[in-house]
Every structure is written in C-alpha cells, then in structure tokens.
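Trainee: Residue numbers (my numbering), protein chains in the order written: chain A, 39 to 119; chain B, 39 to 119; chain X, 224 to 368; chain G, 224 to 368.
All C-beta atoms, glycine included, are put in the ideal place defined by N, C-alpha and C.
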Amino acid sequence: MSVSLRVLYFASLRQARGVASESVLSSATDLAGLYRELDAAHALRWPQPQLRVAVDGAFARWDAPLREGSEVAFIPPVSGG
Amino acid sequence: MSVSLRVLYFASLRQARGVASESVLSSATDLAGLYRELDAAHALRWPQPQLRVAVDGAFARWDAPLREGSEVAFIPPVSGG
Amino acid sequence: MSGQGAVLRFRLSEQPLSIELLRAPLSHSQAGAFASFEGWVRDHNDGRAVQGLHYEAYAVLAEAEGRRVLDEAMSRFAILDVRCVHRLGDLAIGDLAVWVGVVAAHRAAAFDACRYVIDEVKARVPIWKHERYVGGDAGWLHGSG
Amino acid sequence: MSGQGAVLRFRLSEQPLSIELLRAPLSHSQAGAFASFEGWVRDHNDGRAVQGLHYEAYAVLAEAEGRRVLDEAMSRFAILDVRCVHRLGDLAIGDLAVWVGVVAAHRAAAFDACRYVIDEVKARVPIWKHERYVGGDAGWLHGSG
Numbered sequence: 039m040s041v042s043l044r045v046l047y048f049a050s051l052r053q054a055r056g057v058a059s060e061s062v063l064s065s066a067t068d069l070a071g072l073y074r075e076l077d078a079a080h081a082l083r084w085p086q087p088q089l090r091v092a093v094d095g096a097f098a099r100w101d102a103p104l105r106e107g108s109e110v111a112f113i114p115p116v117s118g119g
Numbered sequence: 039m040s041v042s043l044r045v046l047y048f049a050s051l052r053q054a055r056g057v058a059s060e061s062v063l064s065s066a067t068d069l070a071g072l073y074r075e076l077d078a079a080h081a082l083r084w085p086q087p088q089l090r091v092a093v094d095g096a097f098a099r100w101d102a103p104l105r106e107g108s109e110v111a112f113i114p115p116v117s118g119g
Numbered sequence: 224m225s226g227q228g229a230v231l232r233f234r235l236s237e238q239p240l241s242i243e244l245l246r247a248p249l250s251h252s253q254a255g256a257f258a259s260f261e262g263w264v265r266d267h268n269d270g271r272a273v274q275g276l277h278y279e280a281y282a283v284l285a286e287a288e289g290r291r292v293l294d295e296a297m298s299r300f301a302i303l304d305v306r307c308v309h310r311l312g313d314l315a316i317g318d319l320a321v322w323v324g325v326v327a328a329h330r331a332a333a334f335d336a337c338r339y340v341i342d343e344v345k346a347r348v349p350i351w352k353h354e355r356y357v358g359g360d361a362g363w364l365h366g367s368g
Numbered sequence: 224m225s226g227q228g229a230v231l232r233f234r235l236s237e238q239p240l241s242i243e244l245l246r247a248p249l250s251h252s253q254a255g256a257f258a259s260f261e262g263w264v265r266d267h268n269d270g271r272a273v274q275g276l277h278y279e280a281y282a283v284l285a286e287a288e289g290r291r292v293l294d295e296a297m298s299r300f301a302i303l304d305v306r307c308v309h310r311l312g313d314l315a316i317g318d319l320a321v322w323v324g325v326v327a328a329h330r331a332a333a334f335d336a337c338r339y340v341i342d343e344v345k346a347r348v349p350i351w352k353h354e355r356y357v358g359g360d361a362g363w364l365h366g367s368g
C-alpha cells in the first residue's frame, strides 16, 4: 500500500536532488524509510542522523508513519544568522 | 606648614557641603587627613572608606601627600548608566 | 500554536531592514535596558573572501520555530519584550542579515535573552546561507555557527 | 594617557544622542557581529515613580576612566571596535542615558565586550544620577547599580 506525498528539498539537499520539490509515491513505513528510498534513488548525500524532518510545517519524528497527501521536508543543518 | 588646594565636591557630597568647590588651606599630611579635616568642619557624612579620591583629574591613594596648588576631588559611589 | 496572540515577534523579510523601524515597537516606559544584536555580512568566512550571499528558508517552519524561540525567551528571562527579524534573499557585504532586540527593566536579563535568541535562532530555525566567493565559486553552508 | 591615539571611543554628551550617528563609525567590512546596549530612563526605580533625572560628572576624570574601560575591552576581547557615550544634564522618561556599541568578527566576543563595558562604566566612571520623583522630592543615587 503506498502513499502519495509532496517532498521539499532545501539548500544543498535541493542542489543534490536538482529540484526544490517533487511528488512521491512511497511504500515506506515511516519517514526514515522514505528518506532511505529517496537517498538510494537520487544520492542525496546526507546521512539521515544529520538531518531533521518536518511534516506539514512542523518538526516530526523519523519513526512517524507517512500520511497521505502530506508535505514532507528534509532539513539539513541550518546556517542562518 | 600648610598647603593651599582647590577641593571639588560632587553629588550628595556637594549637597552636604553646599558648594561645588572651595579653596582650602590645609596642614594635613595626606589626602585622608584632608578629608578628616573637611568632614569635621562641614559634616560631609560619608565614611572615607566608601569614597575614592582624585588629584588633578586622576585617581590617587589616600596616603598621598598634599601638593601645593593641586585640585582634589572626593568621589562618592558612582551611579551612571 | 505559537502562544503569543497577536504580536508577531519573529519575522522573515525579503526587504532590507531599517533599524529604526525594528526598534520602534520596543520602546517601553518601564524599560531601563535595551540590548540588541545584529549579524552583518562579512567580507570573509573561514579564510575565504566573500562577495555576497543569499539566504533561503523553509518559511512556514522558520516562522513557527522563530516564534517558539522568542516565546521561550519571554518565559525564561525577566524581559518586557523581544523581537527578531531575519533577512532572506540576496545580501551584500555589510548588509544586516539578522536583528535581535530586547527590552527589560535591568540589563542582565536583556543581555541573557538577546544571546539566547541569537544562539537558538542560529541553531534551530530552518534558514540556510549560500555564499558566493571572490573567484566565482559558491556553496551552501551547513550548521557550523 | 589613555593609550588610544586619535580615536575617542568614550564621550560624555550634554545633547540628546542619535543612535544613527553613534553607530556610523562602527561599520566594518570584517564585522559579522554588532552588539549594543542602551540604558533608558525608566519611569520607576526601587518602587518609586520617577519623573525625570539629571546626570552630573567629574568630566575630566570620567573621560579618562571611560577611555580606560574601552581600552581594556579592546585588549581583552577579540573585537574590532567599541564605543560608549554617556549623557549628562536633564533627561526625561524614555531618554537614552548611555549607549555601548561593539563590532567583532564573531558574536561571543561582541556580547562579552559589550557587557564588560557597561558593567565597568557603571562601577567606575565618576557620573552620578539625581532622580526627581512624582510627588516632588528628589535625591542623588550612589552606587547601587
């Protein structure tokens, strides 16, 4: 059973993926699994423990299940200020 | 042998003395002695250990001798800022 | 969700910042102390000559997380108010990238809160810096502070 | 005597201060961090309602001691520059009484130096505050900071 999602990429993750966002159909069981799929497909380069993940504009846990129609963002280490 | 000096008063010391400065003829041997004389004469109210003393615009030691023609200032605890 | 009602203490701005406008809402008759911090674009970083830079954000999350930081500052320190604005887009050397302003009755709380806010914003708010170097190359920075 | 050549980092001012003019000399292409502190006249002190106040200084010594504080800050912290101006004369609620500005490559030194300067100025520089209270009485303050 797979779930359709919007995935957002920022900064060097966006550079690695080549797009700022994409629609993804995933059968992963949680957000960590989703990242593994996308990293395997596109060589995103960042080890997952160095990233944070957000769903629909709020930080989430990597073991949270995928929600149909949600917006998932992978957050590389920030560098504002 | 006495020495003539200019003495400056600030803030509540000035208020206690009633003048901002005065000419003084003193036979004290050091600045601490000068303050004792003036406190005895005018009830300046501040215990000497709570004050600092300056001569000619620079902080000085209480045991420094009086210098003819110098300007002596008694400095109550400051409250700028 | 941010728990601060109508006051928007944290903002992102695509436009250059005016210190005067940033300060205006912080005047306060009970305030004896105002502490502020500004991050300016430096002409060098890690020994490389910088020509200019660009900030991008995950805006919806950056705003939520920025407001959370300022709410934390309001509850942890004895301050009257605090604001922070972060620039996005293209910036040149000397431009103001981030501004934090804090008012308090006394200075210790103002300093502590100001430092807390800039430290947390730099550590937690999803904003990224892209530097262009003299010589033509460029790159994203990631979390070295 | 102050060891800082031509730059007058510390000043007393009988005139109201303009933040913009105070900041101007501190812009610096190597500066990534600007920290500033402002002391404002509060409407209360120690539970009493304040109407206004007056600062007096032993000017020649205040200037020498203020410059000594700023020289110390320059040598103790990794900063690019620092300035401080203190008002004298009559001030009203909300008026700026003292301003400290510091530029540095990085923020930790800017914060540390800014705090050092205001702490030392308040402790050492011969300036005194005279407060007028609502109700008519008034008095000199002495060293409670």
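1) Quick test of the definition: if touching needs 3 or more C-beta pairs under 8 Å, does the segment 342–361 of chain G touch the segment 280–295 of chain G?
2) Pick helix, strand or coil for Glu106/A, following the three-state DSSP scheme.
3) Exposed or buried, which one is Arg338/X when buried takes at least 16 other CB atoms within 10 Å?
4) Jot down the residue ranges of each uninterrupted beta strand (DSSP E) in the segment 230–300 of chain G, minimum 3 residues, whole runs only, in chain order.
5) When we look at the beta-carbon of Trp263/X and count the other beta-carbons within 10 Å, is it buried (16 or more) or exposed?
6) Taking a cut of 9 Å between CB atoms, which residues from the segment 252–266 of chain G lie near chain X?
7) Starting from the Cα of Ser40/A, find the closest Cα among Val62/A, Val57/A and Leu46/A and give me that residue.
8) Quick one: what does DSSP say His80/B is sitting in, helix, strand or coil?
9) To which residues of the same chain is Arg246/X closer than 7 Å at the C-beta, ignoring the five residues directly before and after it?
10) Would you call the CB atoms of Arg330/G and Ala272/G closer than 8 Å?
11) Look at Leu64/B and Leu104/B and say whether their C-beta atoms are less than 8 Å apart.
12) Kindly list, in the order they appear in chain X, the residues whose Cβ is closer than 8 Å to that of Val116/A.
13) May I ask which residues mark the beginning and end of the alpha helix (DSSP H) holding Ala346/X?
14) Of the choices Ala111/A, Leu51/A and Arg55/A, whose alpha-carbon is the least far from that of Asp94/A?
15) Does DSSP put Ala66/A in a helix, in a strand, or in coil?
16) By DSSP, does Gly71/B sit in helix, in strand, or in coil?
17) Report buried or exposed for Ser117/A, applying the criterion of at least 16 other Cβ atoms within 10 angstroms of its Cβ.
18) Within the chosen definition, does the segment 303–319 of chain X reach the segment 76–87 of chain A through at least 3 CB pairs nearer than 8 Å?
19) State the Cα-Cα distance for the pair Gly366/G and Asp269/G, rounded to the nearest angstrom.
20) Whose C-alpha, out of Ala78/A, Ala49/A, Trp100/A and Ser59/A, is nearest the C-alpha of Trp363/X?
21) Would Pro287/X count as contacting chain A if we go by Cβ distances under 8 Å?
22) Could you check if Asp335/X is buried or exposed, using at least 16 other CB atoms within 10 Å of its CB as the buried criterion?
23) Could you pull the start and end residues of the alpha helix (DSSP H) that Leu51/A belongs to?
24) For Arg299/X and Ser42/A, what's the separation of their Cα atoms in angstroms?
25) Taking CB distances under 8 Å as the criterion, tell me whether Leu300/G reaches chain X.
26) Whole angstroms are fine: how far does the CA of Gly289/X sit from the CA of Ala70/A?
27) Residues in the same chain with beta-carbon distance under 7 Å from Leu51/B, minus the five sequence neighbours each way, listed in chain order, please.
28) Skipping 5 residues on each side, what residues in its chain have a beta carbon closer than 6 Å to that of Gly359/G?
29) Opposite Met42/A in the DSSP bridges: which residues?
30) Among the residues of its own chain, which have a CB less than 8 Å from the CB of Arg265/X, if the five just before and after it don't count?
31) Using the Cβ count rule (16 or more neighbours within 10 Å means buried), how would you classify Val230/X?
32) Give the interface partners of Ser50/B over in chain G, defined as CB-CB distance under 7 Å, in chain order.
33) Nearest by alpha-carbon distance to Gln238/G: which of Gly275/G, Val308/G and Ala327/G is it?
34) If I measure Cβ to Cβ from Tyr73/A and keep anything under 6 Å in the same chain, skipping five residues before and after, which residues do I get?
35) Out of curiosity, what's the CA-to-CA distance linking Met224/G and Leu249/X?
Mentor: The structure says:
1) Taking a cut-off of 8 Å on C-beta distances, the segment 342–361 of chain G touches the segment 280–295 of chain G, as three or more cross pairs fall below it.
2) For the purposes of this step, residue 106/A is taken as the residue at position 68 of the first sequence. Glu106/A falls in the coil class under three-state DSSP.
3) Within the third sequence, the letter at position 115 stands for residue 338/X. With 16 or more Cβ atoms within 10 Å of its Cβ, Arg338/X is classed as buried.
4) If only complete runs of 3 or more residues are kept, the segment 230–300 of chain G shows the beta strand (DSSP E) at 233–236, 256–263 and 271–280, in order along the chain.
5) As a position in the third sequence, residue 263/X is number 40, starting the count at 1. Its Cβ being crowded by 16 or more others within 10 Å, Trp263/X is buried.
6) So the list reads Ser252, Gln253, Ala254, Gly255, Ala256, Phe257, Ala258, Ser259, Phe260, Glu261, Gly262, Trp263, Val264, Arg265 and Asp266, given in the order they occur along the chain.
7) Mapped onto the first sequence, residue 40/A falls at position 2. Checked all of Val62/A, Val57/A and Leu46/A; the closest Cα to Ser40/A is Val62/A.
8) Position 42 of the second sequence, counted from the start, is the residue given in the question as residue 80/B. It is helical.
9) Start at 1 with the first residue of the third sequence, and residue 246/X comes out as number 23. For Arg246/X, where only same-chain residues beyond five positions count, the Cβ hits under 7 Å are Gly324.
10) Taking the first residue of the fourth sequence as 1, we reach residue 330/G at position 107. Taking the first residue of the fourth sequence as 1, we reach residue 272/G at position 49. The criterion of a C-beta distance shorter than 8 Å is not satisfied by Arg330/G and Ala272/G.
11) To locate residue 64/B, count along the second sequence from 1; it is residue 26. To locate residue 104/B, count along the second sequence from 1; it is residue 66. Note that residue 64/B is Ser in the sequence shown here, rather than Leu. With respect to the 8 Å criterion, Ser64/B and Leu104/B are classified as neighbours on the basis of their beta carbons.
12) Your numbering for residue 116/A matches position 78 in the first sequence. Residues of chain X passing the Cβ test: Lys345, Ala346, Arg347, Val348, Pro349, Ile350, Trp351, His365 and Gly366.
13) Sequence index remark: in the third sequence, residue 346/X carries index 123 (1-based). Segment Arg330 to Arg347, the alpha helix (DSSP H) holding Ala346/X.
14) Taking the first sequence and counting its residues from 1, one reaches residue 94/A at position 56. Minimum Cα distance to Asp94/A is reached at Ala111/A.
15) Taking the first residue of the first sequence as position 1, residue 66/A is located at position 28. DSSP places Ala66/A in coil when its eight states are reduced to three.
16) In the second sequence, counting from the first residue as 1, residue 71/B sits at position 33. The answer is helix: DSSP assigns Gly71/B an H, G or I state.
17) One-based indexing of the first sequence puts residue 117/A at position 79. The residue in question, Ser117/A, is buried, as its Cβ has 16 or more Cβ neighbours within 10 Å.
18) Fewer than three pairs of CB atoms, one per stretch, sit closer than 8 Å, so the segment 303–319 of chain X makes no contact with the segment 76–87 of chain A.
19) The residue you call residue 366/G lines up with position 143 of the fourth sequence. The residue you call residue 269/G lines up with position 46 of the fourth sequence. One C-alpha to the other measures close to 13 Å.
20) On the third sequence, residue 363/X is found 140 positions in, with the first residue counted as 1. Of Ala78/A, Ala49/A, Trp100/A and Ser59/A, the residue nearest in Cα terms is Ala49/A.
21) Position 64 of the third sequence, counted from the first residue, corresponds to residue 287/X. Inspection of the sequence shows that residue 287/X is occupied by Ala rather than by Pro. Residue contact check for Ala287/X against chain A: a CB pair falls below 8 Å.
22) On the third sequence, residue 335/X is found 112 positions in, with the first residue counted as 1. So Asp335/X counts as buried.
23) Here the question's residue 51/A lines up with position 13 in the first sequence. Counting along the chain, the alpha helix (DSSP H) containing Leu51/A begins and ends at Ala49 to Arg55.
24) For the purposes of this step, residue 299/X is identified with residue 76 of the third sequence, where counting begins at 1. For the purposes of this step, residue 42/A is identified with residue 4 of the first sequence, where counting begins at 1. The alpha-carbon atoms of Arg299/X and Ser42/A are separated by roughly 41 Å.
25) Translated into positions along the fourth sequence, residue 300/G becomes position 77. Sequence inspection shows Phe at residue 300/G; the Leu mentioned does not correspond to that position. Not one chain X Cβ lies under 8 Å of Phe300/G.
26) Numbered from 1 along the first sequence, position 32 holds the residue referred to as residue 70/A. Numbered from 1 along the third sequence, position 66 holds the residue referred to as residue 289/X. Approximately 25 Å between the Cα atoms of the pair.
27) Sequence index remark: in the second sequence, residue 51/B carries index 13 (1-based). Answer for Leu51/B: Leu82, Trp84, Phe112 and Pro114, listed in chain order.
28) Along the fourth sequence, read from residue 1 onward, the residue named residue 359/G stands at position 136. Correct list: empty, nothing qualifies.
29) Start at 1 with the first residue of the first sequence, and residue 42/A comes out as number 4. Note that residue 42/A is Ser in the sequence shown here, rather than Met. Leu63/A.
30) Looking up residue 265/X in the third sequence gives position 42. Result list for Arg265/X: Val273 and Ile316, in chain order.
31) Numbered from 1 along the third sequence, position 7 holds the residue referred to as residue 230/X. Exposed, since its Cβ has fewer than 16 Cβ neighbours within 10 Å.
32) Looking up residue 50/B in the second sequence gives position 12. Close to Ser50/B, with beta-carbon spacing below 7 Å, are these residues of chain G in chain order: Trp363 and His365.
33) For this step, residue 238/G is matched to residue 15 along the fourth sequence. The residue with the shortest Cα to Cα distance from Gln238/G is Val308/G.
34) As a first step, residue 73/A is located in the first sequence; it is residue number 35 there, counting from the start. Closer than 6 Å at Cβ, skipping near neighbours: Gln86.
35) Translated into the one-based positions of the fourth sequence, residue 224/G becomes position 1. Translated into the one-based positions of the third sequence, residue 249/X becomes position 26. Here the model assigns Met224/G a pLDDT of 43, short of 50, so the residue's position is not dependable and the matter cannot be decided.
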